[in-house]
Amino acid sequence: MAANSTTSLLLLPPIPHNNRKGSDLVARVLSNSVGQSSFECGLKVYSVPRRVFDGVQAIRCFKSNGLAKSQGDCRGNDVSCSAFAPTDLGRSKLLDTSSNSMNDFERQLQEFFDEVKAMLKKGNVKGAIDLLKANYEVVKEQMDAGNKGMEQAALLDVIALGYMGVGNIKMVTRLLEMLKEIITTREDNEPFMDSVLIHMGSMYTHIGKFGDAILMHGRSLKILEGLYGQSSPFLIIPLLGIAKVYTSITRASKAIDAYHRAITILEMSKGAGREDIVVPLLGLGNLLLKEGKAAEAVNSFSRILKIYEELYGENDGRTGLAMCSLAHAKSAQGDLDEAILLYNKGLQVIKDSEYMSLDDEVIEKIRIDFAELLHAAGRQQEGRKLLEECLLIAEKYDGKGHPSLVTHLINLATSYSRSKNFVEAERLLRSSLRIMQKAVGHDDQSITVPMLHLAVTLYHLNRDTEAEYLAMEVVRIREEAFGKESLLVGEALDCLVSIQTRLDKDDGETLALLKRVLSIQQRELGEESEEVMLTMRKVLFYLNKMGRRDEKLLLERKLSLLRRKFKQKVKW
Numbered sequence: 003m004a005a006n007s008t009t010s011l012l013l014l015p016p017i018p019h020n021n022r023k024g025s026d027l028v029a030r031v032l033s034n035s036v037g038q039s040s041f042e043c044g045l046k047v048y049s050v051p052r053r054v055f056d057g058v059q060a061i062r063c064f065k066s067n068g069l070a071k072s073q074g075d076c077r078g079n080d081v082s083c084s085a086f087a088p089t090d091l092g093r094s095k096l097l098d099t100s101s102n103s104m105n106d107f108e109r110q111l112q113e114f115f116d117e118v119k120a121m122l123k124k125g126n127v128k129g130a131i132d133l134l135k136a137n138y139e140v141v142k143e144q145m146d147a148g149n150k151g152m153e154q155a156a157l158l159d160v161i162a163l164g165y166m167g168v169g170n171i172k173m174v175t176r177l178l179e180m181l182k183e184i185i186t187t188r189e190d191n192e193p194f195m196d197s198v199l200i201h202m203g204s205m206y207t208h209i210g211k212f213g214d215a216i217l218m219h220g221r222s223l224k225i226l227e228g229l230y231g232q233s234s235p236f237l238i239i240p241l242l243g244i245a246k247v248y249t250s251i252t253r254a255s256k257a258i259d260a261y262h263r264a265i266t267i268l269e270m271s272k273g274a275g276r277e278d279i280v281v282p283l284l285g286l287g288n289l290l291l292k293e294g295k296a297a298e299a300v301n302s303f304s305r306i307l308k309i310y311e312e313l314y315g316e317n318d319g320r321t322g323l324a325m326c327s328l329a330h331a332k333s334a335q336g337d338l339d340e341a342i343l344l345y346n347k348g349l350q351v352i353k354d355s356e357y358m359s360l361d362d363e364v365i366e367k368i369r370i371d372f373a374e375l376l377h378a379a380g381r382q383q384e385g386r387k388l389l390e391e392c393l394l395i396a397e398k399y400d401g402k403g404h405p406s407l408v409t410h411l412i413n414l415a416t417s418y419s420r421s422k423n424f425v426e427a428e429r430l431l432r433s434s435l436r437i438m439q440k441a442v443g444h445d446d447q448s449i450t451v452p453m454l455h456l457a458v459t460l461y462h463l464n465r466d467t468e469a470e471y472l473a474m475e476v477v478r479i480r481e482e483a484f485g486k487e488s489l490l491v492g493e494a495l496d497c498l499v500s501i502q503t504r505l506d507k508d509d510g511e512t513l514a515l516l517k518r519v520l521s522i523q524q525r526e527l528g529e530e531s532e533e534v535m536l537t538m539r540k541v542l543f544y545l546n547k548m549g550r551r552d553e554k555l556l557l558e559r560k561l562s563l564l565r566r567k568f569k570q571k572v573k574w
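Right, dumping it as structure tokens:
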């Protein structure tokens, strides 16, 4: 049977724990095939001077204090009048935005943001939204009256960050447009400008508006360079923002340049062994891995490990995480034995130090990556043991029958399939399909991943009629969910073609399906992708079989050209 992402040797990543509530929690993970996200540590970003606010954590925000009584009079459209809180919270404090009280204005901004964060942390989403709405109405009224200064921008910035926490991207987009209207008319040296630009850059990145994100980060970087010079540590935050944007739009060389500049600045100002340097090293290492530059990535992760060993010792959980991160890079480099040793030691250190909970999604991801490596190294039994451990932990913390188990059941089934134990693979996949159908119903797109895996397994068990039915169901559900020309539909069609080939279906119908798969792949993956060349070979087989010589010769010439280009690309 032709290889596709369903029959891939890759294992599925874990479902994030914060997405494990409700029937739709697995939709995002199971709507796609296997992901290969790089291991990342939760690390603290370098702090910035008082003028600049360190990410979301240090933004100075309005306070809408429900416990405080009014301490002044609102003065028309002055932004110093913060919004009324919801009626059960009373009236808010008033802010004086005159130059001699800017510190107090910033303090109250911080207090407001802290209050929104606290509400969200406690699950009081309605209260947080009410507070954000009240402040939004006040600043909108002021802007409508012609007041469009940096005080209004600072409040809009905080409100936008609050809506980011709520997850209301539509409102965030609207607020960013209002912010853009203000900042395009203001000078670079005005209060709050640098921090507002940094936050806008981050929010634009999050919603996928990368062009705007680059403009915001670039302007904030220019401001900070003017204030502190070309080699100041205060440039790190916008540099990391720029690197993230360029990574997102696959401009790897520019992203690498930004990471290198950040690393050089920190080395000059703080020394090569300071923990601050870990953040850009981590981003650089993960990017290098994606770019296939494993040897350079190993250097980045080796430096991280050395820093943690020197700061915290060999038995600290952070050191264990760094070992696993380096192991991932060593695996990509092809040094499997060293990678296995590092994974084993790193996981043991994390466990002994009790640095993270057993069900933490980061540890789950490490176990799955390690299991994948063990399978690749021919040590299937050890790899399967890790996958079984993942399943048992998920059952312990989430309960039997919970959708979070599906990923682990599919991974175990994949492991058994590699060992040709398709009977056990079928049992596991049927269990995973039942769990998903119970959670989301029989027509939700998220059931199609275990369903397609099951179709492949039944094919290997020579139960082609059952396999065909399931594959056709996957095509139907995905067409309805994603459209007939989506890559996920192409994946299912490719599987269906392989099954129907053995069922001696009409060659014309099979060729039509293959041409459809080819069209999808060319549009979604590019004309020169390896998948396109593989499907072209299948199309050629049927064109030859059906005696369609003219079409065959034309496609043969095109495939020959693509092969030469692909060989040159691989050689380079």
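Counting with my numbering, you get residues 3 to 574 for the letters of the sequence shown.
For every residue, glycine included, the Cβ atom is placed at its ideal position computed from N, Cα and C.
Residue 417 versus residue 390 - alpha carbon distance: Straight-line Cα distance between these residues: approximately 10 angstroms.
Cβ contact (3+ pairs, closer than 8 angstroms) linking the region 478-497 and the region 505-514: no
Whole-angstrom C-beta distance between residue 376 and residue 393, which should lie under 8 angstroms: Not a contact, Cβ separation roughly 16 angstroms.
Rounded distance between the beta-carbons of residue 219 and residue 198, thought under 8 angstroms: Residue 198 to residue 219, Cβ: 12 angstroms. No contact.
Alpha-carbon spacing of residue 563 relative to residue 183, whole angstroms: One C-alpha to the other measures close to 50 angstroms.
Whole runs of the alpha helix (DSSP H) within the region 398-481, excluding any shorter than 4 residues: 407-420, 424-442, 450-462
Residue environment, residue 274, which counts as buried when at least 16 other CB atoms sit within 10 Å: exposed
Beta carbon of residue 523 nearer than 9 angstroms to that of residue 489: yes
Through-space distance from residue 298 to residue 308, alpha-carbon basis: 16 angstroms
Whole runs of the alpha helix (DSSP H) within the region 101-169, excluding any shorter than 4 residues: 104-123, 127-146, 152-168
Distance, residue 352 Cα to residue 245 Cα: 30 angstroms
Local Cβ density within 10 Å of residue 356, reported as buried at 16 or more and exposed below that: exposed
Residue 266: first and last residue of the uninterrupted alpha helix (DSSP H) it sits in: 254-272
Contact belief for residue 542 with residue 557 at Cβ below 8 angstroms, rounded distance in angstroms: Sure, about 6 angstroms apart at Cβ, within 8 angstroms.
Residues near residue 204 by beta carbon distance below 7 angstroms, same chain, minus five either side: 243
Contacting residues, own chain, Cβ-Cβ under 8 angstroms from residue 314 (five flanking each side not counted): 320, 321
Of the residues 434, 378, 536, 222, the one placed nearest residue 402, counting alpha carbons only: 434
Supposed contact pair residue 212 and residue 255 - C-beta distance, whole angstroms, cut 8 angstroms: About 16 angstroms; that fails the 8 angstroms criterion.
Cβ-Cβ distance between residue 196 and residue 226 below 9 angstroms: Yes, Cβ-Cβ distance for residue 196 and residue 226 is below 9 angstroms.
Same chain, Cβ closer than 7 angstroms to residue 466, five either side skipped, listed in chain order: 501, 504, 505
Inter-residue Cα distance where the pair is residue 277 and residue 200: 22 angstroms
Reduced DSSP category for residue 18 - H, G, I as helix; E, B as strand; rest coil: Since pLDDT at residue 18 reaches only 43, below the 50 mark, its modelled position is unreliable, and no value is offered.
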